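Residue numbers (the working numbering): 125 to 365. For every residue, glycine included, the Cβ atom is placed at its ideal position computed from N, Cα and C. Every value quoted in this text rests on a predicted model; they were computed, and no experiment measured them. Here is the structure we will look at, set down as structure tokens.
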Ligand code: BV8
């Protein structure tokens with residue numbers, strides 16, 4: 125149904141929105157999980173087993189996303205524009221741990237799987253901005269102890285952040301948009317159903333190809349995010365959804 129120009133919008137994003145900024149996705153043929161075992165580098169068990177391997181995995185990605193040629197792309201900027209120009213609430217919930225939504229202008233933003241440029245001390249719980257490398261000898265700036273520092277990201281088997289706030293937003297949205305995610309990882313992959321059942325929201329998938337949950341979306345547009353997302357934002361701001 126076209127023409128609605130009011131109502132809250134929730135946007136879920138995944139690694140596909142950052143692909144054209146030069147960051148790897150996870151499950152594409154050349155993705156991260158084709159090179160490393162997720163059990164080894166994205167689980168608490170893997171970290172306990174071999175903290176050096178996990179620190180190396182995240183140190184490499186932390187350096188990579190700070191290089192000059194990794195910048196917000198037209199899709200990130202289009203979502204910043206949507207938030208600025210839409211008359212009601214726009215919340216971006218990202219599974220990504222890069223900082224490209226911030227650079228694209230999104231302010232109302234939740235990193236449900238954490239942030240690469242933050243570190244947490246498991247001994248005192250303090251969370252710090254972090255741009256350098258980290259290893260098992262890294263000392264926590266808050267408690268001065270070593271041995272507890274880890275990336276402030278959500279590994280498999282760990283509870284994603286701000287789930288209460290996300291559920292409330294899904295229950296109050298008129299439009300749910302999923303961008304650049306394969307729909308493999310829960311609870312994020314279940315948000316489209318939550319938006320339908322708790323808010324009877326209109327649902328849109330903008331992706332390179334149909335995701336696992338594609339059939340649950342009322343509307344789908346496939347193609348690269350830097351083409352599809354700006355065009356979709358332009359249309360919604362002009363004509364509504
Ligand atoms: C939880 C870390 C509950 C940060 C990530 C057994 C044991 C334990 C848990 C489970 C289990 N079985 C199932 C689960 C739940 C599990 C899960 O879903 N597993 C899957 C694999 C089956 N989930 C969890 O464990 C979550 N926690 O359930 O907690 C709980 C309850 C009580 C108490 C405690 C806990 C935690 C999940 C978070 C895991 N952390 N990352 C990091 O290193 O980045 S997951 C990882 O996958 C990233 O966060 C990533 O964002 C996420 C999803 O991947 P996508 O973003 O979708 O990327 P993907 O490559 O898959 O797809 C990219 C898409 O983009 C593709 O569709 C592609 O076509 C498209 N694309 C590509 N290029 C473009 C494009 N689109 C547009 N334009 C382009 N140019």
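> Does the stretch 213 to 230 come close enough to the stretch 196 to 203 to have 3 or more Cβ pairs within less than 8 Å?
Replying inline: At 8 Å Cβ cutoff, the stretches touch.
> From residue 177 to residue 164, what distance separates their C-alpha atoms?
Replying inline: 8 Å
>> I'd like to know whether the C-beta of residue 139 is nearer than 8 Å to at least one C-beta of chain C.
In response: The chain inventory of the structure shown lacks chain C, comprising one protein chain alone.
> Just to check, is the beta-carbon of residue 284 closer than 7 Å to a non-hydrogen atom of the ligand BV8?
Replying inline: With a cutoff of 7 Å, residue 284 counts as near the ligand BV8, since its C-beta is closer than that to a heavy atom of the ligand.
>> Rounded to the nearest angstrom, what separates residue 329 and residue 153 at their Cα positions?
In response: Near 21 Å, if we compare the C-alpha coordinates of residue 153 and residue 329.
> Name the DSSP beta bridge partners of residue 274, please?
Replying inline: 244
> Would you say residue 255 and residue 190 are within 8 Å of each other, going by their C-beta atoms?
Replying inline: yes
>> Do residue 299 and residue 155 have their beta-carbon atoms positioned less than 8 Å apart in this structure?
In response: Their beta carbons are not under 8 Å apart, which means residue 155 does not touch residue 299 by this criterion.
>> Please classify residue 265 as buried or exposed, where buried requires at least 16 neighbouring CB atoms within 10 angstroms.
In response: Counting Cβ neighbours within 10 Å, residue 265 comes out exposed, since fewer than 16 surround it.
> Mind checking whether the beta-carbon of residue 190 lies closer than 7 Å to any heavy atom of the ligand BV8?
Replying inline: no
>> Suppose the cutoff is 8 Å on Cβ atoms and the five residues either side in sequence are ignored; what does the same chain contact list for residue 126 look like?
In response: For residue 126, where only same-chain residues beyond five positions count, the Cβ hits under 8 Å are 363, 364 and 365.
> Exposed or buried, what is residue 179 when buried is set at 16 or more other beta-carbons lying within 10 Å of its beta-carbon?
Replying inline: For residue 179, the number of other beta carbons within 10 angstroms of its own is at least 16, and it is reported as buried.
> Short check: CB of residue 313 to CB of residue 236, under 8 Å?
Replying inline: No; because the gap between Cβ atoms is not below 8 Å, this pair is not in contact.
> Can you tell which of 358, 335, 279 and 326 has the C-alpha that lies nearest to the C-alpha of residue 162?
Replying inline: The option with the nearest alpha carbon to residue 162 is 279.
>> Checking 8 Å against the spacing of the C-beta atoms, do residue 243 and residue 274 come in under that value?
In response: yes
> Using a threshold of 7 Å, is the CB atom of residue 314 nearer than that to any non-hydrogen atom of the ligand BV8?
Replying inline: No, Cβ of residue 314 sits at least 7 Å from all heavy atoms of the ligand BV8.
> With which residues is residue 238 paired in a DSSP beta bridge?
Replying inline: 277
>> Looking at the ligand BV8, does it come within less than 7 Å of residue 356, judged from the CB to the closest heavy atom?
In response: Checking every heavy atom of the ligand BV8 against the Cβ of residue 356, none is found closer than 7 Å.
> When we look at the beta-carbon of residue 240 and count the other beta-carbons within 10 Å, is it buried (16 or more) or exposed?
Replying inline: Buried, because 16 or more other Cβ atoms sit within 10 Å of the Cβ of residue 240.
> At which residues does the alpha helix (DSSP H) containing residue 290 begin and terminate?
Replying inline: 287 to 295
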